[in-house]
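Undergrad: Per the numbering used here, residue 224 is the first one in the sequence shown, and the count goes up by one each step. Yeah, the Cβ is synthetic: ideal placement off N, Cα and C, and Gly gets one too. I have a structure I would like to understand better, so I am pasting it below and will then ask my questions one at a time.
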Amino acid sequence: MARLDVDVHSYVFEGGRWIGCEHGCIYCYARPTHSYQGLSPGLDFESKIFAKINAPHLLRRELAKTSYVPESIALGVNTDAYQPCERELRITRGVLEVLQECEHPVGLITKSALIERDIDILAAMAAKRQAAVAVTITTLDPAIARTLEPRAAAPARRLRTVRTLAEAGIPVGVSISPIIPFITEPEIERLLEAVHEAGATSAHYVVLRLPWEVNPLFQQWLQAHFPERAQRVMNRVREMRGGKDYDADFSTRMHGEGVWAELIRQRFKIAAARLGLNGHGGRFHQLDASKFRRPLVIPPLGARASRTGEGQLDLFG
Ligand code: SF4
224 MARLDVDVHS
234 YVFEGGRWIG
244 CEHGCIYCYA
254 RPTHSYQGLS
264 PGLDFESKIF
274 AKINAPHLLR
284 RELAKTSYVP
294 ESIALGVNTD
304 AYQPCERELR
314 ITRGVLEVLQ
324 ECEHPVGLIT
334 KSALIERDID
344 ILAAMAAKRQ
354 AAVAVTITTL
364 DPAIARTLEP
374 RAAAPARRLR
384 TVRTLAEAGI
394 PVGVSISPII
404 PFITEPEIER
414 LLEAVHEAGA
424 TSAHYVVLRL
434 PWEVNPLFQQ
444 WLQAHFPERA
454 QRVMNRVREM
464 RGGKDYDADF
474 STRMHGEGVW
484 AELIRQRFKI
494 AAARLGLNGH
504 GGRFHQLDAS
514 KFRRPLVIPP
524 LGARASRTGE
534 GQLDLFG
């Protein structure tokens with residue numbers, strides 16, 4: 224795994240979240256969020272990480288509101304909740320502790336093997352239909368993965384995570400997103416077979432999206448690593464996006480449009496059906512929120528709580 228000097232900045236503002244991701248996937252559509260901070264969506268996004276260390280506390284406060292209506296929470300949708308600094312910060316673990324205590328359903332999306340650390344909580348919640356996980360695996364080729372997602376776990380390690388979670392009784396789905404024409408797209412069937420064999424029960428995909436600053440970053444990456452295929456890849460991307468590099472139209476932005484988008488849709492559908500893999504988008508919504516109970520204790524800001532992110536509020540009290 225490539226090394227990088229990473230600064231982790233802690234913050235306690237409300238309404239924020241993890242910003243930046245050390246995994247550094249070139250196609251990451253969260254990259255433009257770094258521009259809002261006056262930082263670059265390229266290297267800064269991967270090396271200047273903002274971690275909301277009081278997330279467990281804020282969550283507890285939110286869940287305690289009488290107006291709060293419980294429904295599944297998805298962790299890791301914006302940036303990965305198990306990137307390397309979580310090992311020390313334990314923010315995600317703190318959030319899971321609160322959710323477990325309140326019997327609140329949660330779905331997690333990650334590329335990191337670090338999620339295995341929290342199997343004790345996730346397995347107990349899954350036994351009550353309150354937790355499910357989606358692991359993202361875009362390719363089985365470690366050489367492609369090393370350049371595409373330079374500091375995420377290798378494909379074989381992610382498959383092992385799928386297996387470990389599944390064996391612990393946790394429902395595991397796999398996202399093979401984004402599908403990149405001529406780079407990861409030839410692997411659709413092989414990937415689905417591998418994740419099914421590892422124990423995944425659902426699968427999902429999105430075709431490559433190139434919003435804002437992601438577009439030039441991706442095209443630089445393409446020229447650097449696949450110069451002989453670059454033109455073909457971009458031509459195909461444009462065919463699936465109505466002639467543009469990207470089209471944010473809500474009805475087509477996930478799966479694209481046109482003949483090639485339809486071909487991918489059919490290949491995915493046929494392979495997933497053959498293997499008995501369902502779409503996992505619905506699975507998070509099928510989690511059980513009926514046992515939810517409000518937290519009884521809301522520690523004041525500055526109170527020392529535990530080894531989770533809550534205790535670190537002392538730093539700012
Ligand atoms: S792991 Fe997810 S959030 Fe992190 S860089 Fe990759 S795509 Fe973005």
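Between which two residues does the beta strand (DSSP E) holding I407 run?
TA: The displayed chain sequence assigns Thr, not Ile, to residue 407. Here T407 belongs to no beta strand (DSSP E), and DSSP marks it neither H nor E.
Undergrad: Check for me: the beta strand (DSSP E) holding H427 runs from which residue to which?
TA: 425-427
Undergrad: At the level of alpha carbons, what is the spacing between R316 and D341?
TA: 7 Å
Undergrad: Run the CB neighbour count on N458, radius 10 Å, all protein chains shown included, and call it buried at 16 or more, exposed below.
TA: exposed
Undergrad: Report the partner residues of K271 according to the DSSP bridge assignment.
TA: D230
Undergrad: With 16 as the cutoff for other CB atoms within 10 Å, does P279 come out buried or exposed?
TA: buried
Undergrad: Which runs of the alpha helix (DSSP H) fall wholly inside the region 338-406 and span at least 4 residues, in chain order?
TA: If we require 4 residues or more, the alpha helix (DSSP H) runs fully inside the region 338-406 come out as 342-349, 365-371, 378-390.
Undergrad: For F473, is the classification buried or exposed, using 16 other Cβ atoms within 10 angstroms of its Cβ as the cut-off for buried?
TA: Within 10 angstroms of the beta-carbon of F473 lie fewer than 16 other beta-carbons, which makes it exposed.
Undergrad: Using the three-state DSSP reduction, which class does R527 fall into: helix, strand or coil?
TA: Confidence in R527 is poor, its pLDDT being 42 and thus under 50, which makes the residue's placement too unreliable to answer from.
Undergrad: For the pair the region 309-324 and the region 279-292, tell me if three or more CB-CB distances fall below 8 Å.
TA: Verdict: yes, contact present.
Undergrad: Can the beta-carbon of W483 be found less than 7 Å from the beta-carbon of E462?
TA: yes
Undergrad: Can you tell me whether L312 is buried or exposed? The criterion is at least 16 other CB atoms within 10 Å of its CB, across all chains shown.
TA: buried
Undergrad: For N277, name the three-state secondary structure that DSSP assigns.
TA: coil
Undergrad: Going by DSSP in three states, N501 sits in which element: helix, strand or coil?
TA: strand
Undergrad: Is D551 near ligand 1, going by C-beta to nearest heavy atom under 6 Å?
TA: Nothing can be reported for residue 551: it is not among the residues displayed for the chain, which extend from 224 to 540.
Undergrad: Distance check for K334 and K492, CA to CA, integer angstroms please.
TA: 23 Å
Undergrad: How long is the line joining the alpha carbons of H232 and R381, rounded to whole angstroms?
TA: 27 Å
Undergrad: Who pairs with T333 in a beta bridge, going by DSSP?
TA: Bridge pairing for T333: V358 [DSSP].
Undergrad: Is H257 near ligand 1, judged by its Cβ being under 6 Å from some heavy atom?
TA: no
Undergrad: Determine the burial state of S290: buried for a count of at least 16 other Cβ atoms within 10 Å of its Cβ, exposed for fewer.
TA: S290 sits exposed, since fewer than 16 C-beta atoms from the chains shown fall within 10 Å of its C-beta.
Undergrad: Cβ of Y305 within 7 Å of Cβ of L345?
TA: Going by C-beta atoms, Y305 is not nearer than 7 Å to L345.
Undergrad: So the beta strand (DSSP E) I296 belongs to, where does it begin and stop?
TA: 296-298
Undergrad: What residue does the alpha helix (DSSP H) around S258 start on, and which one ends it?
TA: 255-258
Undergrad: What three-state label does DSSP hand V321 in the structure shown?
TA: In this structure, V321 counts as helix in the three-state DSSP scheme.
Undergrad: Is the beta carbon of C251 within less than 6 Å of some heavy atom of ligand 1?
TA: yes
Undergrad: Return the residue from the list E339, N501, H257, M348 that minimises the CA-CA distance to D267.
TA: H257
Undergrad: Helix, strand or coil: which one does DSSP assign to I521?
TA: coil
Undergrad: Pull up the distance between the alpha-carbon of S529 and that of P401, whole angstroms please.
TA: Here the model assigns S529 a pLDDT of 38, short of 50, so the residue's position is not dependable, and the following value carries that caveat. Distance between the alpha carbons of S529 and P401 is about 38 Å.
Undergrad: Can you pull the DSSP bridge partners for V430?
TA: I402
Undergrad: Figure out for me which residue from I399, G396, F515, W435 has the closest Cα to the Cα of Y259.
TA: W435
Undergrad: What are the partner residues of I493, as DSSP defines its beta bridges?
TA: The partner list for I493 (beta bridge, DSSP) is empty, contrary to what the question assumes.
Undergrad: Just curious, the alpha helix (DSSP H) that W444 is in, first and last residue?
TA: 437-448
Undergrad: Output needed for P404: all residues of its chain with C-beta closer than 6 Å, excluding positions within five of it in sequence on either side, in chain order.
TA: Taken in chain order, the residues that qualify are V456, R459.
Undergrad: Where do the N-terminal and C-terminal ends of the alpha helix (DSSP H) with A453 fall, by residue?
TA: A453 -> alpha helix (DSSP H) spans 453-463.
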